[in-house]
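Protein chains in written order, with full-length UniProt numbering: chain Z, 1 to 278; chain S, 1 to 83.
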């Protein structure tokens with residue numbers, strides 16, 4: 001087993017032709033990894049992603065092979081196919097936030113998709129929109145248009161994956177909405193298996209790849225609460241910290257509250273009970 | 001069914017072309033974002049029968065280096081007109 005890369009919150013290993021994605025308990029805010037882990041965060045997000053992959057299996061094939069991984073990673077790791085990845089980030093947005101909000105304020109559009117005037121931060125869009133971005137190894141993401149995607153990967157693949165992106169977002173958003181959670185947007189990744197088949201990759205509909213907001217406190221016109229990380233964000237905003245590394249240690253009560261919130265999100269979305277030994 | 005599909009990373013092609021031009025005494029720059037160069041590289045590859053794609057490990061490395069929600073917020077902050 002070869003460690004290929006250790007990222008902010010996940011690690012990737014190679015095992016022969018397979019890749020193993022291992023989700024850690026590390027947590028980051030404002031792009032800085034904090035020194036205190038949130039116990040079981042990696043397991044919870046991995047199990048949530050696997051649950052979503054199951055729910056979406058009829059929509060599109062995915063890269064998961066199985067969860068046959070070394071015992072020390074049990075529950076927090078997924079054995080995956082090694083793919084050639086399409087050079088696009090496949091993003092669906094149902095609400096205005098982040099880069100979408102910034103572009104709307106400047107141009108009234110997102111990825112050249114025109115939107116009605118008068119929308120606010122956090123507003124629900126008339127319908128979900130496809131807002132792809134570049135997938136560069138360095139620098140910030142930049143919006144590209146659907147026509148750019150067509151130029152990059154061809155019309156048929158672009159149209160197919162745009163439709164799949166929107167379908168996955170809508171399916172996920174509807175399921176979450178029934179459980180009081182708004183999935184404001186999500187980012188997907190697609191690749192090609194060695195036989196050329198298109199495959200859904202990475203993680204899907206976790207709070208690292210999607211904005212999760214509590215529906216009962218959603219209020220357009222202000223920054224929305226992040227469903228799971230808000231305790232950490234609120235606590236860190238009270239500190240005299242310039243938001244550069246090293247981050248401050250997280251007090252135990254914030255750790256426990258955040259862990260409980262991750263579990264709550266998992267249980268609300270999946271309808272399953274989180275087992276402490278999971 | 002297996003295919004004989006060939007892949008190449010368009011971003012890598014951009015770097016290779018810039019290096020080639022540099023060797024010819026032509027200094028290049030990428031104005032603003034690299035969207036035009038990257039799209040052009042992808043179109044060239046497709047025109048040559050090569051599928052534009054990133055190495056899976058490189059792509060995952062990028063994804064695990066920064067959770068997307070934070071990357072999206074950071075990109076928005078980077079583009080704020082006042083900054």
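We put the CB at the ideal spot given by N, CA and C, even for glycine. Values in this document were obtained by computation on a predicted structure and should not be read as measured data.
To the nearest angstrom, how far is the alpha carbon of residue 272/Z from that of residue 100/Z? The C-alpha of residue 272/Z lies about 33 angstroms from the C-alpha of residue 100/Z.
If you draw a straight line from the alpha carbon of residue 157/Z to that of residue 58/S, how long is it in whole angstroms? 21 angstroms
Kindly indicate which residue of 17/Z, 92/Z, 8/Z has the alpha-carbon position closest to the one of residue 25/Z. The candidate whose alpha carbon is nearest that of residue 25/Z is 8/Z.
Only counting runs of 4 or more residues, tell me where the alpha helix (DSSP H) segments fall wholly within the region 148 to 184 of chain Z, in order along the chain. For the region 148 to 184 of chain Z, whole alpha helix (DSSP H) runs of length 4 or above, ordered along the chain, are 155 to 178.
What residue range does the beta strand (DSSP E) around residue 365/Z cover? Since the first and last residues shown for chain Z are 1 and 278, residue 365/Z lies out of range.
So, at 6 angstroms on beta carbons, what are the nonlocal neighbours of residue 262/Z in its own chain, with the 5 sequence-adjacent residues on each side left out? 41, 44, 228
Reduced DSSP category for residue 190/Z - H, G, I as helix; E, B as strand; rest coil: strand
Is residue 57/Z helix, strand or coil by DSSP? coil
Evaluate the contact criterion for the region 76 to 85 of chain Z versus the region 183 to 201 of chain Z: three or more CB pairs, one atom per stretch, below 8 angstroms. yes
Looking at C-alpha atoms only, which residue of 53/Z, 162/Z, 212/Z is the closest neighbour of residue 177/Z? 212/Z
Go through the region 11 to 80 of chain Z residue by residue and report every complete run of the alpha helix (DSSP H) that reaches 4 residues or more, in order. 41 to 55
Is any beta-carbon of chain S found at less than 8 angstroms from that of residue 253/Z? No, because no Cβ of chain S sits closer than 8 angstroms to the Cβ of residue 253/Z.
Is residue 128/Z closer than 8 angstroms to residue 188/Z when the C-beta atoms are compared? no
Helix, strand or coil: how does DSSP classify residue 22/S here? helix
From the DSSP secondary-structure annotation, give me the bridge partner or partners of residue 124/Z. 95/Z
Integer Cβ distance of residue 95/Z from residue 125/Z, believed to fall under 8 angstroms: 6 angstroms
Nearest-angstrom beta carbon gap, residue 60/S and residue 88/Z [assumed within contact, 8 angstroms]: Wrong, their Cβ atoms sit about 15 angstroms apart, outside the cutoff.
Neighbour flag for residue 31/S against chain Z, beta carbons, 8 angstroms: no
Are the beta-carbon atoms of residue 53/Z and residue 66/Z separated by less than 8 angstroms? no
Taking Cβ positions only, does residue 85/Z come closer than 8 angstroms to chain S? Yes, contact with chain S.
Using a C-beta to C-beta distance shorter than 8 angstroms, which residues of chain Z count as neighbours of residue 56/S? Going along chain Z in sequence order, the residues near residue 56/S (Cβ under 8 angstroms) are 19, 82, 83, 84, 85, 191, 201.
State yes or no: is the C-beta of residue 134/Z within less than 8 angstroms of the C-beta of residue 111/Z? no
Where residue 220/Z falls, given that 16 or more other Cβ within 10 Å makes a residue buried: exposed
For residue 270/Z and residue 48/Z, which I take to be in contact (beta-carbon distance under 8 angstroms), what is that distance rounded to the nearest angstrom? Right, the Cβ-Cβ distance comes to about 7 angstroms (below 8 angstroms), so this counts as a contact.
Run down chain S in chain order and give the residues with a C-beta less than 7 angstroms from the C-beta of residue 140/Z. 74, 75, 78
From the DSSP output, in three-state form, read off residue 131/Z for me. coil
Which listed residue (57/Z, 234/Z, 23/Z) has its alpha carbon closest to that of residue 251/Z: 234/Z
Using only the alpha-carbon positions, how far apart do residue 143/Z and residue 56/Z sit? 26 angstroms
Are the region 199 to 211 of chain Z and the region 242 to 249 of chain Z in contact at 8 angstroms, needing three or more beta carbon pairs? no
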